[in-house]
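Participant: Heads up: the sequence shown begins at 286 in this note's numbering, then just goes up one per residue.
Note that CB positions come from ideal geometry on N, CA and C, so glycine has one too.
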Amino acid sequence: MNRMKPLRELRKSYFFQITFIIIIILALVISSLAFSADRVTVSRAEELAKEQFDYAIDDSIENVESRLGKLYEDLVYLGAYVGNEPWIEERIRTGYLNQRTSFTSIFYYDVNQDSFKWYSERQVASSVLKRDPKFTEVLTASGKELYMSDPVMISGDMGTFLYVPVIEENRPIGIFGGSISVLNSDLYRRSLESANDDMILYLLDEQGEVLTTSFNLVTDAERRISREVIDEALNRSERTILSTDEDTVMFEPDARVSGWSMLAKHQNDSVYETVYDTRWQYLMIALVTFFLSILVGLLLSRTLTNPLVELVNQIKQQQSLGTISLERTGSKEVETLLDTYNDYAQRMETSRREQLSQQQLILHQEKLASLGQLAAGIAHEIRNPLTPVHITLQMVREGQGSSDMVDVAIKELERANDLISTMLTLAKPDQAGKNEDWINMLDFAKRLEFLMDAECYKRPTKWELLVPNDMPPFYASFDMLVQIIYNLFKNAVDAVESKGADGSVVVTVLFTEQEYRFLIEDNGIGMSEEQLKTVGSAFNTTKESGNGLGIYMIQEYLKSVNGAMEIDSVMNKGTAILIKIPRRQPS
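1. Go to Thr386, then tell me how far its alpha helix (DSSP H) extends in each direction, as first and last residue.
2. Any idea if Trp372 is buried or exposed, counting beta-carbon neighbours within 10 angstroms, 16 or more meaning buried?
3. Using 9 Å as the limit for Cβ to Cβ distance, is Phe759 near chain D?
4. I need the boundaries of the alpha helix (DSSP H) containing Glu531, first residue and last residue.
5. At the level of alpha carbons, what is the spacing between Ala777 and Phe803?
6. Determine whether the beta carbon atoms of Ser345 and Leu496 lie at a separation below 9 Å.
7. Could you give the residue range of the beta strand (DSSP E) that holds Met850?
8. How many angstroms separate the CA atom of Val752 from the CA atom of Leu727?
9. What is the rounded straight-line gap between the Cα of Lys747 and the Cα of Ser789?
10. With three or more beta-carbon pairs closer than 8 Å as the criterion, would you say the region 318-336 touches the region 438-449?
11. If we count the other Cβ atoms within 10 Å of its Cβ and call it buried at 16 or more, is Asn808 buried or exposed?
12. What does the alpha-carbon distance come out to for the pair Met765 and Asn754?
13. Take Arg376 and list the residues in its own chain whose beta-carbon comes closer than 7 Å to its own, dropping the five residues that flank it on each side.
14. Let me check understanding here. Comparing Cα to Cα, which of Asp530, Arg524, Thr529, Ile695 lies closest to Glu537?
15. Should Ile836 and Val855 be called a contact, given that it needs their Cβ atoms to be closer than 9 Å?
16. Using 8 Å as the cut-off, can you tell me whether the region 455-464 makes contact with the region 391-401, which would need three or more C-beta pairs spanning the two stretches below that distance?
17. Please report the distance separating the alpha-carbon of Asp339 from that of His551.
18. Three Cβ pairs or more, each shorter than 8 Å: is that satisfied between the region 321-338 and the region 409-422?
19. Quick check: the Cα distance between Met286 and Trp565, rounded to an integer number of angstroms?
20. Could you have a look at Arg869 and say whether DSSP puts it in helix, strand or coil?
21. Between which two residues does the alpha helix (DSSP H) containing Met812 stretch?
22. Considering just the uninterrupted stretch of the alpha helix (DSSP H) at Phe774, what are its terminal residues?
23. Take Asn725 as the anchor and find which of Lys743, Tyr742, Pro758 has the nearest alpha-carbon.
24. Suppose contacts are defined by Cβ-Cβ distances below 9 Å. Is Ile510 in contact with Phe388 by that definition?
25. Leaving out five residues on either side along the sequence, give the residues of the same chain with a beta carbon under 8 Å from the beta carbon of Leu472.
26. If you scan the region 351-375 from start to end, which runs of the beta strand (DSSP E) of 3 or more residues do you find wholly inside it?
27. Can you tell me which of the three DSSP states Gly835 falls into?
28. For Ala549 versus Ala341, is the C-beta distance shorter than 9 Å?
29. Please report the distance separating the alpha-carbon of Ala312 from that of Asn553.
30. Within the continuous alpha helix (DSSP H) that includes Val413, where are the two ends?
31. Using only alpha-carbon positions, find the residue among Tyr771, Leu424, Gly848, Met756 that is nearest to Asn397.
32. Mind checking Met812: buried by the 16 CB within 10 Å criterion, or exposed?
33. Which runs of the beta strand (DSSP E) fall wholly inside the region 475-516 and span at least 3 residues, in chain order?
34. Helix, strand or coil: which one does DSSP assign to Thr793?
35. What is the rounded straight-line gap between the Cα of Thr793 and the Cα of Glu800?
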């Protein structure tokens, strides 16, 4: 599983890189197209909305002007018969008073007499009319201009008065006025025609009050328009389009009636409906493109990485560097990589062989040098015990020897024998490797515990062996491993001997995924810095009965298995030795 992880990461890396590049390119293309299309669609939607606004406002203004013009002509016609009261009364009674199509009330104001004459039951106070600026303004008007009053209450009905001056000899002699019902007259109910159901038109008086709205099937909330929008529109002197968060509004300041204006409102959702549809379509295209990019990225990444994965697998399966051939290379880049690797493998193999030859030569020379040094040391060490043996034998021959002298000679011969045994082990460093096998570490711990217990028999030294219960098997030489740890334990026991019952030795076995660790700690006499510098040198020892080859032998074995030894010691406080041996598989 661990071997497959880098391959999955390789495929994943290629997949993300390829997909990212495809998405970026397509995103740029789609964004530019969408931006251009959006600008065109928005511009077209606004142009269409403006055309609809213009059509609705112009058509509605013509309707208002047409209907008011007819009523205006009716009042002008009456003005031509001023002085013929019976005819005027009959004319008004038979055709002028109609709440839906004509007037709800009619009056005549005589300028000379400053009096009002009403021709209907619906009347307002004369003071109300005289206060109306349009009432006095019509007396000075020139030409055919439509003057309408502000809305007033006339017998329970809201209405506006249309004023028409009566001219005689180029001077006004009176005013005919007729009230038009705001709620019931066709002038207000039928004149405003919107371009569609979503557009609402508003007819405004001089103060910006809404006189009427177009007859749309909309809710009251949709029909309502804010005062802020009206006030902003009234500040414009020409036809203008205004926009809010919710609506688009066109304002026409001149409704061809003195002081009247017109306003059309269209909800943005309706104005920009085509824009929203286009944006939604591009969003769908982007989503489809995104998933297609992922699919294309996956296919391309597999196409590109399959040859690389095959190359990696073959490299991992190789026991040594060598040339590799693939069933398919996929691209020139992979083919170039393969050729480069094969060339590199050949050069590395040649270099490895040359380096191995040099290492063997150096190792042979080092062995010869070490052999000379060891031979000199061996000769010296063996000569030392032979001297007292030689003297003892001479004295025995002369009859002067004693049993004590013979005992000394025997011990010296035993020391020489131990030295020779150690040297035989050193002379065959690969012998331990021939005995390597999987070690059950619990069996190892039991053997070591037995030897440690025997070593400390009848000694006051306290000792302890700490091992975990879940130790995995360890591939090594069982006897060599026991000998190494046992020798270090014996050295530690000798080091704490002077402390008697206070002496303590602790051996701890630890393991990681990479190696086994053996820690031997004591609270003995310790070693000085000078002694630490010479630890491991052949024939160098701090014990009277030692030969200096124990640590040396351990180091030589650790070199053969790529192990290591670390020593930490403080005088009169103790020593800690850590042995590290890699966990490995049989070769």
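Facilitator: Checking against the coordinates, here is how it stands:
1. No alpha helix (DSSP H) holds Thr386; DSSP gives it neither H nor E.
2. By the neighbour-count criterion, in which 16 or more other beta carbons inside 10 Å mark a residue as buried, Trp372 falls on the exposed side.
3. As a matter of chain content, chain D is missing from the structure shown, which is built from one protein chain.
4. Neither: Glu531 is in no alpha helix (DSSP H) and is coded neither H nor E.
5. 14 Å
6. no
7. 849-855
8. 8 Å
9. 5 Å
10. no
11. Result: buried.
12. 22 Å
13. Leu363
14. Arg524
15. No, Cβ-Cβ distance for Ile836 and Val855 is not below 9 Å.
16. yes
17. Looking at the backbone, the Cα of Asp339 and that of His551 are separated by about 12 Å.
18. no
19. Summary for Met286: the model assigns pLDDT 47, below 50, so the residue's position carries little reliability; its value from the coordinates is reported in the next sentence. Distance between the alpha carbons of Met286 and Trp565 is about 45 Å.
20. coil
21. Careful: Met812 lies outside any alpha helix (DSSP H) and carries neither H nor E.
22. 763-780
23. Pro758
24. Not in contact: Ile510 and Phe388 (Cβ atoms no closer than 9 Å).
25. Val349, Arg352, Leu353, Leu356, Ile465
26. none
27. helix
28. yes
29. 28 Å
30. 411-415
31. Leu424
32. buried
33. 484-489, 495-498
34. strand
35. 14 Å
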